[in-house]
């Protein structure tokens, strides 16, 4: 359960103030699949950073599972990310020269999980993300774009998060591979009831979600059910 | 974060760029190796000098006529040339309870000629039968000077092994005649070989009875030195004081007209010189360690920059500042510690080579090895601290965007 109440984010560059988010409020229920859409410079990246507990708002409140995240310290934010959030980035950010399994285990390393349990959970996540078992011990630089993104999804799942945040997950992929990745998100949402927030600037991509929040100039321009949802 | 995980990550990242890791480590390896080798040489020199001084007879106090004048050091015209140390002084000193034995000595340099016509110029020492016990030496063949020889002004001589070879080559010198200062002496014994200590050759020596030396060869009644054996090491200080007091009374003077030196004094002077030398060598080696440390820091800073995105990712998945800090700090420590290990091995090999080539007998001490590991770890901490801190303070959002 996510509640965003009157969030404002102001960046100061010298004397100028940039109002990246201006009094934004919305809430997302568990199990929803939401796309946050907007052109570049609209504030959607700032929104993602705040939702992902990478940054805190200048003003307003952000409740994640009933806990106020908007005023936490760096280390407390790290704990929130560790326990409640899974990230899938545009540029995949896998560790180089490291096996698929080790990459997926990474978030568990910081939770202090034992070796056997780490491996077990990493494998389960990779199955969920639809990653081919024969490639579990391949190095990350031997994988194709689609495979890399599946590993990234598995990594986002491994700590069993409240929320999966995907930041332009198809941005570096061709349309066909992108569809496969989006299908994976849909399946995880449908079968495992995962809450997924998809950040994108493309309407085609956003249309895979159940609900679209359209942000423009730091404000919500439109928020509603997606009536033209594309289900793969 | 578990320790096994940290070490796995460290291994992965250090082995990712083996050439760079190796070259950076080389700085530490060379630094540690030279510290080990230098201190090994210093300690080897020290213990060989210590051994040779103790070989001269342990628990000894030397008494010389004349004063070592303050500020003018040992090279003073007073000592040795003064004539105020007499045979009677020996009897006075023997009353002191801590003194077990005294060897009175009168030394002169003479030209010596053997029967076969070889000749040599060496120190002739006139002494009594106590010389052997006091100086911890004995004859290898034949006999030492006896009390009877002493009483009868016998013209007999005991040779050091070097002098024996100089005068008689391979022949057995026992019962042969040598001429010291145009007086015939019979050789009655050869001293056991002591081996060179580097400064003087203790085997280049001729010993004759003290009475013969004083009355026949030198024509003088004084002594050039006295070697006093003390019952045990702990009593050295007390005996030294009592000895000084007794001689002052005997000579009836206020200020000493003689010098008293214990073996500990000589040893500590030499040890001080060698220590200074060792510290000097080790500090030069220490500078190369410092340079090695700067190399480590340079590499770690490069690594942090190269891995900015990785750090961003780690932070995004929940790594705290401390986790990132520990990871990079441990990476630096592992780097310097393994460099230290290799350095210890290399330094040990160097000193082993020096020993086996017979240049100087080196000694790698356990404490210097321990110190080397300690120092290399500390270098890792010092030079890894700043890069690790820099990594831990990176903002995850900016780090993730870093190209």
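Protein chains in written order, with the numbering used here: chain C, 1 to 232; chain G, 1001 to 1403. Glycine included, each C-beta is placed from N, C-alpha and C at the ideal position.
For residue 1396 of chain G, the nearest beta carbon of chain C is closer than 8 Å to its own beta carbon. DSSP links residue 37 of chain C through a beta bridge to C:200, C:214. As the crow flies, the alpha-carbon of residue 1137 of chain G is around 33 Å from that of residue 1366 of chain G.
Counting the other Cβ atoms within 10 Å of the Cβ of residue 158 of chain C gives 16 or more, which makes it buried.
Listed in chain order, the alpha helix (DSSP H) elements of length 4 or more contained wholly in the region 1181-1225 of chain G amount to none.
Secondary structure at residue 1390 of chain G: helix, using DSSP grouped into helix, strand and coil. The beta-carbon of residue 1317 of chain G is placed less than 8 Å from the nearest beta-carbon of chain C.
Residue contact with chain G for residue 161 of chain C: absent (no Cβ-Cβ distance below 8 Å to any residue of chain G). Using beta-carbon distances, residue 157 of chain C does not count as an interface residue toward chain G, since no partner is under 8 Å. Residue pairing by DSSP puts residue 1119 of chain G in a beta bridge opposite G:1113. DSSP places residue 149 of chain C in the uninterrupted alpha helix (DSSP H) bounded by 145-157.
In this structure, the beta-carbon distance from residue 74 of chain C to residue 1321 of chain G falls below 8 Å. Cβ atoms of residue 41 of chain C and residue 7 of chain C stay farther apart than 8 Å, at about 17 Å.
With a threshold of 8 Å between beta carbons, residue 82 of chain C makes contact with chain G. Counting the other Cβ atoms within 10 Å of the Cβ of residue 1307 of chain G gives 16 or more, which makes it buried.
Going by DSSP, residue 1157 of chain G is part of the beta strand (DSSP E) stretching over 1156-1159.
Of all residues in the region 37-55 of chain C, only 49, 54, 55 place a beta-carbon less than 7 Å from a beta-carbon of chain G. Per DSSP, residue 1402 of chain G lies in no alpha helix (DSSP H) and is assigned neither H nor E. Nearest in C-alpha terms to residue 1092 of chain G, of all of G:1242, G:1207, G:1169, G:1039, is G:1242. Burial is judged here by how many other beta carbons sit within 10 angstroms of a residue's own beta carbon; residue 1193 of chain G has fewer than 16 and is exposed. Rounded to whole angstroms, residue 1289 of chain G and residue 1020 of chain G show a C-alpha spacing of 18 Å. Look at residue 98 of chain C: its C-beta is under 8 Å from a C-beta on chain G.
Taking the C-beta atoms as reference points, residue 82 of chain C is found nearer than 8 Å to residue 107 of chain C.
Within a 10 Å sphere around the beta-carbon of residue 1323 of chain G sit 16 or more other beta-carbons, which makes this residue buried. Nearest CB-CB separation between residue 1233 of chain G and chain C: not below the 8 Å threshold. Under the DSSP assignment, residue 1276 of chain G falls outside any beta strand (DSSP E), being part of the alpha helix (DSSP H) whose first and last residues are 1263-1306. Taking every protein chain shown into account, the CB of residue 1042 of chain G has 16 or more other CB atoms within 10 angstroms, so this residue is buried. No residue range can be given for residue 1359 of chain G, since it is assigned to no alpha helix (DSSP H) and is classified by DSSP as neither H nor E.
Leaving aside the five residues that flank residue 1174 of chain G on each side, the residues in its chain whose CB is nearer than 8 Å to its CB run, in chain order, 1141, 1142, 1187, 1188, 1189, 1190. By the Cβ test, the region 162-180 of chain C is not in contact with the region 96-111 of chain C, since fewer than three Cβ pairs between them sit closer than 8 Å.
The way I'd put it, the region 1378-1396 of chain G does touch the region 1297-1315 of chain G; three or more beta-carbon pairs between them come closer than 8 Å. Within chain C, the residues placing a beta-carbon under 7 Å from that of residue 1016 of chain G are 97, ordered along the chain. Here residue 213 of chain C is near residue 34 of chain C, since their CB atoms are less than 8 Å apart. Residue 1126 of chain G carries a strand assignment under DSSP once its states are collapsed to helix, strand and coil.
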